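Q: Sharing a structure, written as structure tokens. Questions coming.
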Amino acid sequence: MSSIIGILLALVAVGFGMVLKGASLSALNNPAAYLVIFGGTAASILVAFPFSELKHFPKLIKIALFEPKLPSKAEQISNLVSCAEIAKKEGILALEEISTNTNDPFFKKGLELIIDGYDVGFIEEVLLDEVAAIDMRHKTGALIFTQAGTYAPTLGVLGAVIGLVASLGNITNVDKIGHSISAAFIATLLGIFSGYVLWHPLANKLKRLSKKEQELKLLTIDGLLAIYQGISPSSLEKKLTVYISPNERKKYENKIEEDLHEKTA
């Protein structure tokens, strides 16, 4: 949601800036400039990436604009501690019910591996390979946006050159040459705006979301392996809270105390 607010704020800022500078917003009504910038950017991306990667573009846009809901690190720690309590009381096989009910494919896979009794080293290797594969896919997705942000401003210069060529064809007509020059620089404006307000920021957003997801998965791996090795719930809690900031840790501890107080009340 923050991405949508940011884009809208950028549009308003540029619009008001143009008005304050004495430029007319009607100058933005230039279909040729939009075609050169957005059509040219799309063409460049099609040349640079295979369809197998570009087919995920709509999904990536949705992820960047509407951040997917992930459990917080504190919530995941709480889930893992609950698993440790069940495993301690009833054994590892008792985690099968949690594995069946969870909506997190990665968490489910990890639980299934420890329930099936695979070697700790093998489980760790499989889950880390999964994280590496996810990281590679995320980097590819972010790279599409990064490249679009690189191409768009340069295409803005191309659009300006095309407009100036057109203006030279009307050099004897003062009214037409003024309009042509104005239209030429609209392409530059659109190229810079789309590159540095849309594509590069969206690429950065995808990178940050990827990093957040990877940190959560690494925490999950650490927790699952510790549970498999028979660590106590209290020890697991101490082990995993290093993944969260001091402020988050304090909130987590306060919540645990409140839940304990409610149970004993």
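So in our numbering the end of the sequence shown lands on 251, straight run, no missing numbers.
Every residue gets a Cβ at the ideal spot worked out from N, C-alpha and C, and that includes glycine.
None of these values were measured; they are calculated from a predicted model.
#1: Looking at C-beta atoms only, is the number of pairs between the segment 16 to 27 and the segment 140 to 154 that lie closer than 8 Å three or more?
#2: Please report the residue range of the alpha helix (DSSP H) in which Met122 lies.
#3: Give the C-beta separation of Trp185 and Ala134 to the nearest angstrom, bearing in mind that I take them to be a contact with Cβ-Cβ under 8 Å.
#4: Examine the Cβ distances between the segment 55 to 65 and the segment 219 to 238 and report whether three or more of them are shorter than 8 Å.
#5: Output the distance between the C-alpha atoms of Gly11 and Ile242, rounded to the nearest integer angstrom.
#6: With the cut-off set at 8 Å, would you say Leu176 and Leu205 are in Cβ contact?
#7: Under three-state DSSP, which class holds Ile230?
#8: Could you tell me whether the Cβ atoms of Ala80 and Ala73 are closer together than 8 Å?
#9: Quick check on the burial criterion: 16 or more other C-beta atoms within 10 angstroms. Buried or exposed for Ile100?
#10: Answer yes or no: do Leu263 and Ile49 have a C-beta to C-beta separation smaller than 8 Å?
#11: Just tell me which of Val22, Glu223, Ile(-7) and Leu188 has its CA closest to the CA of Ile47.
#12: Got a sec? Which residues, its chain only, sit under 6 Å from Ile178 by beta carbon, not counting five neighbours each side?
#13: Specify the secondary structure class of Asn240 as computed by DSSP and reduced to three states.
#14: For Gln215, I'd like the list of residues in its chain whose CB is within less than 7 Å of its CB, leaving aside the five on either flank, ordered along the chain.
#15: Lys59 lies in the alpha helix (DSSP H); which residues open and close that run?
#16: In angstroms with no decimal places, state the Cα-to-Cα distance between Ser180 and Glu39.
#17: Could you check whether Glu110 and Ile207 sit closer than 8 Å to each other, using their CB atoms as the reference points?
#18: Which residue wins for smallest C-alpha separation from Leu21, given the options Ser68, Asn233 and Gly149?
#19: Using the three-state DSSP reduction, which class does Ser168 fall into: helix, strand or coil?
#20: Let me check understanding here. Comparing Cα to Cα, which of Leu192, Pro17 and Leu56 lies closest to Arg253?
#21: From Leu222 to Pro36, what does the alpha carbon distance come to, in whole angstroms?
#22: Is the distance from the Cβ of Leu97 to the Cβ of Ser85 below 8 Å?
#23: Whose C-alpha, out of Ile(-10), Leu14, Ile120 and Ile31, is nearest the C-alpha of Tyr137?
#24: Return the first residue and the last residue of the alpha helix (DSSP H) that Lys193 is part of.
#25: Look up Lys224 in the DSSP assignment and say whether it is helix, strand or coil.
A: Taking the structure as given:
#1: The segment 16 to 27 vs the segment 140 to 154: in contact.
#2: As a working note, residue 122 is residue 136 in the sequence shown. That run of the alpha helix (DSSP H) goes Val106 to Leu154.
#3: As a working mapping, residue 185 is identified with position 199 in the sequence shown. As a working mapping, residue 134 is identified with position 148 in the sequence shown. Between Ala134 and Trp185 the Cβ distance is about 4 Å, and since that is below 8 Å, they are a contact.
#4: With the cut-off at 8 Å, the segment 55 to 65 and the segment 219 to 238 touch.
#5: One-based indexing of the sequence shown puts residue 11 at position 25. One-based indexing of the sequence shown puts residue 242 at position 256. Residue identity differs from the one stated: residue 11 is Leu in this sequence, not Gly. Their Cα atoms are separated by approximately 56 Å.
#6: Within the sequence shown, the letter at position 190 stands for residue 176. Within the sequence shown, the letter at position 219 stands for residue 205. Against a cut-off of 8 Å, the Cβ pair of Leu205 and Leu176 comes out as no contact.
#7: As a working mapping, residue 230 is identified with position 244 in the sequence shown. When secondary structure is reduced to three states using DSSP, Ile230 falls in the coil class, being assigned neither helix nor strand.
#8: Here residue 80 is taken as the residue at index 94 of the sequence shown, counted from 1. Here residue 73 is taken as the residue at index 87 of the sequence shown, counted from 1. The criterion of a C-beta distance shorter than 8 Å is satisfied by Ala80 and Ala73.
#9: Here the question's residue 100 lines up with position 114 in the sequence shown. Classification for Ile100: buried.
#10: Any question about residue 263 goes unanswered here, given that the chain covers just -13 to 251.
#11: If you number the sequence shown from 1, residue 47 lands on position 61. Residue Leu188 is the option with its Cα nearest to Ile47.
#12: Against the sequence shown, residue 178 aligns to sequence position 192. Only Pro139 and Gly142 meet the Cβ criterion.
#13: Stepping through the sequence shown from its first residue, residue 240 is reached at position 254. In the three-state scheme derived from DSSP, where H, G and I count as helix and E and B as strand, Asn240 is classed as helix.
#14: As a first step, residue 215 must be located in the sequence shown, where it is residue number 229. Val106.
#15: Within the sequence shown, numbered from 1, the residue matching residue 59 stands at position 73. Lys59: member of the alpha helix (DSSP H) spanning Lys59 to Glu76, first to last residue.
#16: Within the sequence shown, numbered from 1, the residue matching residue 180 stands at position 194. Within the sequence shown, numbered from 1, the residue matching residue 39 stands at position 53. Between Ser180 and Glu39, the C-alpha separation is close to 21 Å.
#17: If you number the sequence shown from 1, residue 207 lands on position 221. If you number the sequence shown from 1, residue 110 lands on position 124. In this structure, Glu110 lies closer than 8 Å to Ile207 by Cβ.
#18: Locating residue 21 in the sequence shown gives position 35, counting from the first residue. Comparing alpha carbon positions, the residue from Ser68, Asn233 and Gly149 closest to Leu21 is Gly149.
#19: If you number the sequence shown from 1, residue 168 lands on position 182. Residue state, collapsed to three classes: helix.
#20: In the structure as shown, the chain starts at -13 and stops at 251, and residue 253 therefore has no counterpart that could be examined.
#21: By one-based count along the sequence shown, residue 222 stands at place 236. By one-based count along the sequence shown, residue 36 stands at place 50. Inter-residue distance for Leu222 and Pro36 is about 44 Å (C-alpha atoms, whole angstroms).
#22: Counting from one through the sequence shown, the residue named residue 97 turns up at place 111. Counting from one through the sequence shown, the residue named residue 85 turns up at place 99. Going by beta carbons, Leu97 and Ser85 fall inside the 8 Å limit.
#23: The residue labelled residue 137 in the question sits at position 151 within the sequence shown. Tyr137 has its Cα closest to that of Ile31, out of Ile(-10), Leu14, Ile120 and Ile31.
#24: Numbered from its first residue, the sequence shown carries residue 193 at position 207. Residues His186 to Tyr214.
#25: Position 238 of the sequence shown, counting from 1, holds the residue named residue 224. Residue state for Lys224 is assigned as helix, using DSSP reduced to three classes.
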